[in-house]
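Here's the structure, in structure tokens; my notes come after.
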Amino acid sequence: MTMRAQNRRRPSWFTRFWAIVRYEMLWNIRKKKFIGILIIVFAIATLVLLIPVIGSRTTNVGITKNPDYAITFGGNAFVFLLLAIGTSVNTFSSEFESGTIVPLVSKPVSRSMIFMGKLFTTFMLLLLSYTILYGYITLASLGVYGPQSHLQYMPLIVLGSLLSTFIWVGLLFAAGCLTKNTMVTIIAAIGLFLALLIAGPIITVFSGPSQSLNYLPGTGATGSFIIGTNVTSVSAGTDNIGTNLVNYALYPSTYVDFYKTNLTAITQNETALPDAGLLYTQSTGSIAATGVIVGLAYTAGFLLVAWVAFKRSQIME
Amino acid sequence: MLIRRPSQRQKETFENSKLITKLQQKTTNEEAPALDYAIETTNLKKCFDSLLAVNNLNLKVQKNTIHGFLGPNGAGKTTTIKMIVGLLKPTSGSVKVFDKEVHVDDADSRLNIGYMSELPKFPKHLKGAELLDVYGRMYGMSQQERDQQIPRLIDLVGLKGRENDLIAKYSKGMQQRIGIAQALLSTPELVVLDEPSTGLDPVGMMEVRELVKTISKEGITVFLSSHLLFEVEQICDHVTIVNQGQILASDTLQNVANQLGPALMHIELVELTAEVIAAVKKVPNVVGTWKTGSTLMVQVNTYSDIRAQISQAATSAGGVIIGMSQKNAGLEDIFIQLVTKDHGGNPK
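Sequences listed follow chains W and C, in order. At position 33 of the first sequence (counting the first as 1) the number is 33 in my numbering, and the numbers step up by one without a gap. If you want my numbering, it's the position in the second sequence, counting the first as 1, plus 1000.
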């Protein structure tokens, strides 16, 4: 005979939380959209690695060995957005749209626990995706660019990519909980992404690589530093948190120079190289810390909005 | 001074208001010890902007009963149910389930409640048995309990052999069945079913009725809303009728029916003439007549006994009565009378 509900022990916090994670994990694993996006991401990574090989075969010029290729790969903004959409776009909105939210919230689990369970599952899936992705890139780099160095810093790239992605995850959660509509959620995320993608270079042209760009999600201000004869380009925004953490780990006492392009010189003499002036310098440590803090602040802000909206949502479905 | 006689319509409205007042008084005056209630709402109110969905609802559902919750579309049934199971926050008033106040997002208050919404929707990527397993974990059911309970419920709701299919492949009726199974999963003391027969074929509907009776025998209180009056009539021992967010009647089915009085009379005559029919039609509160052979069927809209007036009218018109019987109001009669009267209209 099955035990009656009133005789059963009150389930622990962990039991209920793990049940939500299991529920969400099954959903995510079987979600064809996520699998599709994962395939696209891996296809992009493969293409990036294959282009030099194809070029080398056609021109008969050998590929220059690059021991830092894997550690400086660092993902890119488009990949972060794609993976965020793949894992999070309908985490909340489709529960409302399909009506599955009703049986879920009628179970003895609080909305905060549902929120935490879904967030944790997203984190685990992204962690798994990035671990596999960067593992794949590392192995492929060994074949294309020869032996790779500083691989002990690879976890920083994974963590940085996670944080960069979680800004978009937070935005998608917030838009999903507020609008309860997947299409509006996608439009909100892609719209903001494109707006920042277009606005960043325009601002840079007119005001130079302003530090204020680093406080918006995106590429941020672009500068460079020189080690020996190698010039390394640095983007200080939230899309490069992983790479900037590695830069700090490798060159802790190095300063990055940010130059302003002289537009007048370009317009007056098209053949002349733009006259460039140093705007400011910033240490690699400061750039990495700013990226992490800004990334965490956006993530926390968006997640807070999402959590409040989810907790207060009326179940009208 | 000219005193106008009340019209037939006014008389009916007066009778109706008396009836509703009497039923409502009975509903609120009938007090039982608090612990005997599975559900108790006090001045429950829910507004959506300017729309008043539930208006000072005082509902009492006794333990170990099958309680039907009836009302036309938009009467506030689903809103009330969602407040009972803690999905919606009342604008004012309170809900108690087994004497414990229900709060939105109080997870523990839902440990002892099984709930199935109207046309329930479940994640399509899960298999039937997987869905029950994951919900069982949320209730804190052990692996052993889940291993016992899930196959039993799958069998009970008639999904044996389909439990490992994705819910995406389930028909509407099968989703309804898995919905009932998940409501019973934790063997709760209270099961709340919102329109459990929607989407089921006649055989499925009959099976649901039998299922509800079976679970009630196990000491589970069942609170169900339905549009299917015959279903409620067959399985419920208590009924609450609501309209426009207010209770019109709440009692045992028999008591509600008794208070409404005979709704239909059968008068058998030696010869049924047009004069007899005309005379009977003139009797106050007679709202319809039709003949079947030599039997005159008379529909009345009062809970007062008017057999004597009808008999007198038929006899005075030359009719010879050889038999007269009355049929107590069925749930459909009660429902239509109460709801149409609440709108100030005539019974149809």
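Built from N, CA and C at the ideal position, the CB exists for glycine as well. Keep in mind the model is a prediction, meaning the values are calculated, not measured.
- Rounded to the nearest whole angstrom, the CA to CA distance from Val1203/C to Leu1156/C is 14 Å.
- Under DSSP, Ile1247/C shares a beta bridge with Val1242/C.
- Taking 8 Å as the threshold, the shortest C-beta distance from Lys311/W to chain C falls below it.
- Neighbours of Gly1140/C across chain W, judged by C-beta separation under 9 Å: Arg8, Arg9, Arg10, Pro11, Ser12, Thr15, Arg16, Ala19 and Pro108.
- Neighbours of Lys31/W in chain C, taken as residues at a C-beta separation under 9 Å, are given in chain order as His1125.
- Of the residues assessed, Phe1122/C falls on the buried side of the cut-off, its CB having 16 or more other CB atoms within 10 angstroms.
- Residue nearest to Val234/W within the set Ile227/W, Ile241/W and Thr222/W is Thr222/W (criterion: CA-CA distance).
- In the DSSP assignment, Leu1296/C forms a beta bridge with Ile1267/C and Lys1291/C.
- As the crow flies, the alpha-carbon of Leu1153/C is around 12 Å from that of Asp1133/C.
- Following the DSSP letters along the chain, one finds Met113/W inside the alpha helix (DSSP H) bounded by residues Arg111 to Tyr145.
- For the pair of segments examined, the stretch 1046-1059 of chain C was found to touch the stretch 1237-1246 of chain C: the number of CB pairs separated by less than 8 Å reaches three.
- Out of Ala1129/C, Pro1072/C and Glu1210/C, the CA that lies nearest to the CA of Ile1167/C is found in Ala1129/C.
- Excluding its 5 nearest sequence neighbours in each direction, Leu279/W has C-beta neighbours in its own chain below 6 Å: Gly208, Phe258 and Lys260, listed in chain order.
- Taking a beta-carbon distance threshold of 8 Å, Gln1143/C does not count as an interface residue toward chain W.
- For the 8 Å CB-CB criterion, Gly218/W and Thr238/W form a contact.
- Between Gln211/W and Gly220/W, the alpha-carbon positions lie close to 8 Å from each other.
- Listed along chain C are Lys1082, Leu1087, Tyr1115, Ser1117, Pro1120 and Lys1121, each with a C-beta nearer than 9 Å to that of Val102/W.
- Counted as a single uninterrupted DSSP element, the stretch harbouring Val1054/C is not any alpha helix (DSSP H) but the beta strand (DSSP E) occupying residues Leu1051 to Leu1057.
- Taking a Cβ-Cβ cut-off of 8 Å, the neighbours of Ile315/W in chain C comprise Lys1082, Leu1087 and Leu1088, given in sequence order.
- Taking the CA atoms as reference points, Leu82/W sits about 14 Å from Leu163/W.
- DSSP links Met1116/C through a beta bridge to Leu1193/C.
- DSSP places Glu1163/C in the coil class of the three-state scheme, outside both helix and strand.
- In terms of Cβ geometry, Leu1111/C and Pro103/W do not form a close pair [threshold 8 Å].
- For Ile63/W, the closest alpha carbon among the candidates Tyr145/W, Gly295/W, Ala199/W and Thr91/W is that of Tyr145/W.
- For Leu1070/C, the enclosing beta strand (DSSP E) begins and ends at Ile1066 to Leu1070.
- Scanning Ala236/W, Val205/W and Phe206/W for the CA closest to the CA of Leu216/W turns up Ala236/W.
- For Asp1105/C, the chain W residues whose Cβ falls inside 9 Å of its Cβ are Val105, Ser110, Arg111, Ser112 and Lys311, in order along the chain.
- Taking 8 Å as the threshold, the shortest C-beta distance from Leu26/W to chain C falls below it.
- Assigned with DSSP and collapsed to three states, Ser1325/C falls in strand.
- Beta bridge pairing from DSSP links Lys1096/C with Glu1040/C and Glu1101/C.
- Assigned with DSSP and collapsed to three states, Cys1047/C falls in strand.
- In the structure shown, the three-state DSSP call for Leu1088/C is coil.
- Boundaries of the alpha helix (DSSP H) around Asn247/W: Ile241 to Leu250.
- In the same chain as Phe193/W, and ignoring 5 residues on each side of it, the C-beta atoms closer than 7 Å to its own belong to Leu81, in chain order.
- Look at Ile40/W here: in three-state DSSP terms it is helix.
- In the structure shown, Tyr1139/C falls within a coil segment according to DSSP collapsed to helix, strand and coil.
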